[in-house]
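According to my numbering, the residues represented by the sequence shown are 16 to 138, in order. Backbone N, C-alpha and C define an ideal beta-carbon position, used for all residues, glycine too. Inspection log for the structure reproduced underneath, given as structure tokens.
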Amino acid sequence: MRSGRTDKTDVLQGTLILLVLRTLEALGPLHGYGIARRIEQISKDVLRLNQGTLYPALLRMEQEGLIASKWGASEKNRKAKFYSITAAGRRRLARETEDWRRMSSTIERFLGVDLGSLAEDPG
């Protein structure tokens, strides 16, 4: 991420698999552009996915058996690769979701606690 505020934020490292799997679970087969646009839409354009990030991740996910692909025609009748979640992808999604919820609740605890009041008294 860059310093300063921007209108869009690059997807945090490590969350892309979770976002892609959840999108495919909810919406069914989509091509890469559709996945990216849907994630941006759901995030109200806060998250940004670029092709250099998304397509290598889709390839790795396919190689790991988390998603499957087949060629079809896009809405504009162009040849496109459509991705769908596999059974292994659903299991991974369940684990990633649990890990994310645990981590985010831990971070919330840190943000809600006055860490200075927890420090040992030096005297």
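Put simply, of Ala41, Gly47 and Thr112 the residue whose alpha carbon is nearest the alpha carbon of Lys96 is Gly47. For Glu111, the number of other beta carbons within 10 angstroms of its own is at least 16, and it is reported as buried. When rounded, the separation of the alpha-carbon atoms in Phe125 and Ser132 is 12 Å. Counting along the chain, Ser99 sits inside the beta strand (DSSP E) bounded by residues Lys94 to Ile100.
In the DSSP assignment, Gly43 falls outside any alpha helix (DSSP H) and carries neither an H nor an E.
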